[in-house]
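Below: one structure, written as structure tokens.
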Amino acid sequence: MSTPKKHVVLFPFTSKGHIAGFLSFASRLHRILPHATITLVSTPRNVAALRAAAAAPFLDFHALRFDPAEHGLPPGGESQDEIFPPLLIPLYEAFETLQPAFDDFVASTAAAAARVVVISDVFVAWTGEVARRHGSQVPKYMLYQYGLPAAGAANDGSGGRADRRFLDRQLAHGNNTDAVLVNAVAEPEPAGLAMLRRTLRVLPVWPIGPLSRDRRDAATEPTDDTVLRWMDTQPPGSVLYISFGTNSMIRPEHMLELAAALESSGRCFLWKIKPPEGDVAGLNGGATTPSSYNRWLAEGFEERVTASKRGLLVRILAHPSTAAFLSHCGWSSVLESMAHGVPVIGWLLTAEQFHNVMVLEGLGVCVEVARGNTDETVVERRRVAEVVKMVMGETAKADDMRRRVQEVRTMMVDAWKEEGGSSFEASQAFLEAMKLK
Numbered sequence: 000m001s002t003p004k005k006h007v008v009l010f011p012f013t014s015k016g017h018i019a020g021f022l023s024f025a026s027r028l029h030r031i032l033p034h035a036t037i038t039l040v041s042t043p044r045n046v047a048a049l050r051a052a053a054a055a056p057f058l059d060f061h062a063l064r065f066d067p068a069e070h071g072l073p074p075g076g077e078s079q080d081e082i083f084p085p086l087l088i089p090l091y092e093a094f095e096t097l098q099p100a101f102d103d104f105v106a107s108t109a110a111a112a113a114r115v116v117v118i119s120d121v122f123v124a125w126t127g128e129v130a131r132r133h134g135s136q137v138p139k140y141m142l143y144q145y146g147l148p149a150a151g152a153a154n155d156g157s158g159g160r161a162d163r164r165f166l167d168r169q170l171a172h173g174n175n176t177d178a179v180l181v182n183a184v185a186e187p188e189p190a191g192l193a194m195l196r197r198t199l200r201v202l203p204v205w206p207i208g209p210l211s212r213d214r215r216d217a218a219t220e221p222t223d224d225t226v227l228r229w230m231d232t233q234p235p236g237s238v239l240y241i242s243f244g245t246n247s248m249i250r251p252e253h254m255l256e257l258a259a260a261l262e263s264s265g266r267c268f269l270w271k272i273k274p275p276e277g278d279v280a281g282l283n284g285g286a287t288t289p290s291s292y293n294r295w296l297a298e299g300f301e302e303r304v305t306a307s308k309r310g311l312l313v314r315i316l317a318h319p320s321t322a323a324f325l326s327h328c329g330w331s332s333v334l335e336s337m338a339h340g341v342p343v344i345g346w347l348l349t350a351e352q353f354h355n356v357m358v359l360e361g362l363g364v365c366v367e368v369a370r371g372n373t374d375e376t377v378v379e380r381r382r383v384a385e386v387v388k389m390v391m392g393e394t395a396k397a398d399d400m401r402r403r404v405q406e407v408r409t410m411m412v413d414a415w416k417e418e419g420g421s422s423f424e425a426s427q428a429f430l431e432a433m434k435l436k
């Protein structure tokens, strides 16, 4: 009779960035534990998409029943990538109702395996309650996909009371975790790691990053042939990539300033554009065609930059010609940029992004150009254009940033070396602690 397998259950929250981090972690686990079963749990639509994409041949999937309509969500609203921001908290709260179905899955898994380990996202911290009900046979670990200090606390508390109540519930559930895994690398930020360990006190903390996609796999969607053809015509390291993340949006007046700054900078750019803050019609699909972009941008902007072959407004990016990244500095975006050796221009909007840019500036790999997303936020096109030209130019500052970002990239590569790599050693300690090795 064969010995029951060891089984690792992964439960990410449903956004492309969070799922990508868990997929990266799953690949690393499989390389170290080739004989363990690894199952990623999500809702039917997300599981179907991952299976169709053949995300990881070694990975098993389990779909928990979920009907968006039962929670007032639109059809297909199983991921934060598929809904607009006012529905994010209802989506988070709807996922809390998955607890009974997840409990049944863990029970059946525990009955068939010698060892079951649950590793979940902070936004589904309630999984700790499920693990606790199954006793010591099912230890529970939390994987934080934020920067080091941000992993020890809630976000900045902005937003409504529903946001706060949800975060408070997850923090309370977090007390049921046996340890914390962090999508970070120890070497670039030793002070942040020390602070997190002091904050969490008795809980072990293992930095196992970077959990990011490599350059050849950087897109989370198929790349349009038009985009690739345009990118192929640009010199290496000449294009500014602009993205404000999955759910973050800038205000219409800031969008106008950014467009004007890009045009005046004279630099090539690729903009992952979407409706601005407050444009509910656009978020509902009523204003997402290229012909409608001009109502958010300066008149004739798209026609001028397209005719000059300097710019392209798109939804995706996956090409090695990137020279710099204008980003909101969400942690997944930061890690991916560093892993690819791309300097950052920081346009911070909320939450832990303010800390992230402070870390990046301390490393010498980022210049902040704007912060905040309120009526009081000031965005100056001249300042944006100056920073774009400086970071992408042949200046001493630009050369220093490029050198430093390559140093950080080397740290991230070295972190997973089997001989002395900090993240590799942390992962080994984690596996031994959860008795999978």
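Residue numbering for the sequence shown follows numbering that gives the first Met the number 0, beginning at 0 and increasing consecutively.
Backbone N, C-alpha and C define an ideal beta-carbon position, used for all residues, glycine too.
Tell me residue 41's beta-bridge partners as DSSP assigns them. In DSSP, residue 41 forms a bridge with 62.
Could you check if residue 13 is buried or exposed, using at least 16 other CB atoms within 10 Å of its CB as the buried criterion? Residue burial annotation: residue 13 is buried, with at least 16 other C-beta atoms found within 10 angstroms of its C-beta.
Among all the DSSP beta bridges, which residues are the ones paired with residue 370? DSSP, once it has assigned bridges, lists 347 as partnering residue 370.
With a 10 Å radius around its C-beta and 16 neighbouring C-beta atoms as the bar for buried, classify residue 103 as buried or exposed. The residue in question, residue 103, is exposed, as its Cβ has fewer than 16 Cβ neighbours within 10 Å.
Quick one: give me the first and last residue of the alpha helix (DSSP H) that residue 172 is part of. 160-172
At least three beta-carbon pairs within less than 8 angstroms, the segment 333-349 to the segment 225-234: no
In the DSSP assignment, find the beta strand (DSSP E) that holds residue 32 and state where it starts and stops. Element bounds for residue 32: n/a, residue is neither H nor E.
In the DSSP assignment, find the unbroken beta strand (DSSP E) run with residue 141 in it and report its ends. That run of the beta strand (DSSP E) goes 139-143.
Helix, strand or coil: how does DSSP classify residue 122 here? Here DSSP, grouped into helix, strand and coil, assigns residue 122 to helix.
Which one of 68, 381, 97 and 356 has the shortest CA to CA distance from residue 260? With distances taken between CA atoms, residue 260 lies nearest to 381 out of 68, 381, 97 and 356.
Pairwise C-alpha distance: residue 117 and residue 135: Spanning the two alpha carbons is a distance of roughly 12 angstroms.
At the level of alpha carbons, what is the spacing between residue 411 and residue 373? 35 angstroms
Beta-ladder partner(s) of residue 114, from DSSP: 5
So, helix, strand or coil for residue 204, using DSSP? strand
I'd like the list of long-range same chain contacts for residue 436, defined as Cβ closer than 6 angstroms, with 5 residues on each side in sequence excluded. 430
Under 8 angstroms by Cβ, that's how I've got residue 364 and residue 342 pegged, so tell me the actual separation to the nearest angstrom. 6 angstroms
With a Cβ-Cβ cutoff of 8 angstroms, do residue 38 and residue 6 count as a contact? yes
How should residue 206 be labelled, buried or exposed, when 16 other C-beta atoms within 10 angstroms of its C-beta is the threshold for buried? buried
Rounded straight-line distance, which links the Cα of residue 237 to that of residue 324: Residue 324 and residue 237: Cα-Cα distance of roughly 11 angstroms.
Helix or strand or just coil, what does DSSP make of residue 396? helix
Same chain, Cβ closer than 6 angstroms to residue 97, neighbours up to 5 away in sequence not counted: 63
Excluding the five sequence neighbours on either side, which residues of its own chain have a C-beta within less than 8 angstroms of the C-beta of residue 75, listed in chain order? Short of 8 angstroms from the beta carbon of residue 75, and not among the five residues preceding or following it, lie these beta carbons of its own chain, in chain order: 44, 67 and 81.
Can you give me the C-alpha to C-alpha distance between residue 99 and residue 83, rounded to a whole angstrom? So the alpha carbons of these two residues sit roughly 27 angstroms apart.
For residue 186, which of 258, 432, 409 and 433 has the nearest alpha-carbon? 409
Which one of 143, 122 and 137 has the shortest CA to CA distance from residue 166? 122
Residue 283, DSSP secondary structure in three states: Here the model assigns residue 283 a pLDDT of 36, short of 50, so the residue's position is not dependable, and the following value carries that caveat. Note: residue 283 maps to coil in three-state DSSP.
Residue 423, DSSP secondary structure in three states: In the structure shown, residue 423 sits in a helix (DSSP, three-state: H, G or I).
Any idea what DSSP makes of residue 14, helix, strand or coil? coil
Closest to residue 127 by CA distance: which of 110, 108 and 178 is it? 178
Distance, Cα to Cα, residue 203 vs residue 196? Cα-Cα distance, rounded: 7 angstroms.
Which two residues bound the contiguous beta strand (DSSP E) that contains residue 271? Where residue 271 is concerned, the enclosing beta strand (DSSP E) stretches over 267-271.
Between the alpha carbons of residue 354 and residue 360, how many angstroms are there, rounded? Across the structure, residue 354 and residue 360 are spaced so that their CA atoms are roughly 10 angstroms apart.
Residue 419 to residue 357, Cα distance in whole Å? 28 angstroms
For residue 88, does the three-state DSSP call read helix, strand or coil? helix
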